[in-house]
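Accompanying notes for the structure given below.
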Amino acid sequence: MTSDLAAGSDAVRSVFAIQDRYSQIDPEDRKGHMTEKIIGHTEVLYELLASWALSNVDFAYPARQDVIIFKGFSLTFEAGKSTAVVGQSGSGMSTIISLIERFYSPLGGTVMIDGQDIKSYHLRCSRRHIALVSQEPPLFEGTIRQNLAYCASEDVNESEIIVASKAANAQDFVAALQDGYDTWCGDRGLQLSGGQKQRIAIVAILKNPAILLLDEATSALDSQSEKLLQGALEGVMVGRTSVVVAHRLSTIQCCDIIAVLDKGKVVEKRTHSSLMTKGPNGAYYSLFSQPPK
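Per this note's numbering, the very first residue in the sequence shown carries number 6; after that it's consecutive.
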């Protein structure tokens, strides 16, 4: 009885500790620059060019502040180009995604978009220009059509949904379902396969984002589903600022630039072919030569 009470007390304290936590980033803050449209490489005030840079960033997660992820970390993502970020587990690859999305703020240094501190932008407005596809996309308990509508920055019609679905290789499987786009997804998309959920998540291009973030988007799929999804991703990334985090290096060879991380530092940054010419002494070559897990 005593041990049960002690365990219960510990559990209650943990719940209260979580309730007492708060984010330093206020999603309801109405301050900051309002970005209106995407224009590519021409600089116009308050318009999103979609070039990103992490400059001299220090970071540790709030729950483990003794574990330093980045110390003086810098990395630039060129507008309109695709950049893959690879490395061993624990190198800080997914942390980059979290900093770009402003899930966390750096302890030091600056995350910049188009030369300005990301903190100077209106949070919701800047996120409107970003689409994230993660390993486990969080589909809502509703129809496929409703989930796709959540992706859009404004009302979309049927033809726009179909065009985006074709680009994401989703149209064929949706059309084969008895209820089509009105098919019920179930809680967290349990009525759909992993590949189907991922392809629906990729239809986030409905919002025509300036920046596409892919965080291990194909890692949970079988080889056939991965091949279908990879074709969709390559088409979506063309001309769009894209950041791809992946352990399966076969999926990132098409990227314009590949940045190799090791212990929170960028040790190599070139194209796939250029990095492979380094041979066994190269960090990327060593990763690429490892047998798949």
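Each residue gets a CB set at the ideal place from its N, CA and C atoms; glycine is no exception. Remember, predicted model here, so these are calculated numbers, not experimental data.
Query, Result
"Are at least three pairs of beta-carbons, each pair with one atom in the region 236 to 248 and one in the region 208 to 218, less than 8 Å apart?", "yes"
"Closer than 7 Å by C-beta to residue 50: which residues in its own chain qualify, once you throw out the five before and the five after it? Chain order, please.", "With a pLDDT of 33 at residue 50, under the threshold of 50, the predicted position of this residue should be treated as unreliable, though the coordinate-derived value follows. Answer for residue 50: no residue qualifies."
"For residue 293, which three-state DSSP category applies?", "helix"
"Taking C-alpha atoms, which residue in 277, 280, 282 and 266 lies nearest to residue 78?", "266"
"Compare the beta carbon distance of residue 95 and residue 75 with 7 Å and say whether it is the shorter of the two.", "no"
"If we ignore side chains and look at the alpha-carbon of each, how far apart do residue 149 and residue 171 end up?", "14 Å"
"So, using beta-carbon positions, are residue 277 and residue 263 closer together than 7 Å?", "yes"
"Residue 141 bridges to which residues according to DSSP?", "Paired residues: none, contrary to the question."
"What are the boundary residues of the beta strand (DSSP E) that includes residue 325?", "Any property of residue 325 remains undetermined from this structure, which presents the chain solely from 6 to 298."
"Given a cut-off of 7 Å on the beta-carbon distance, is the pair residue 207 and residue 173 in contact?", "yes"
"Over what stretch of residues does the alpha helix (DSSP H) that includes residue 275 continue unbroken?", "Per DSSP, residue 275 belongs to no alpha helix (DSSP H); it is in the beta strand (DSSP E), 270 to 275."
"Just to confirm, is the Cβ distance from residue 197 to residue 190 under 7 Å?", "yes"
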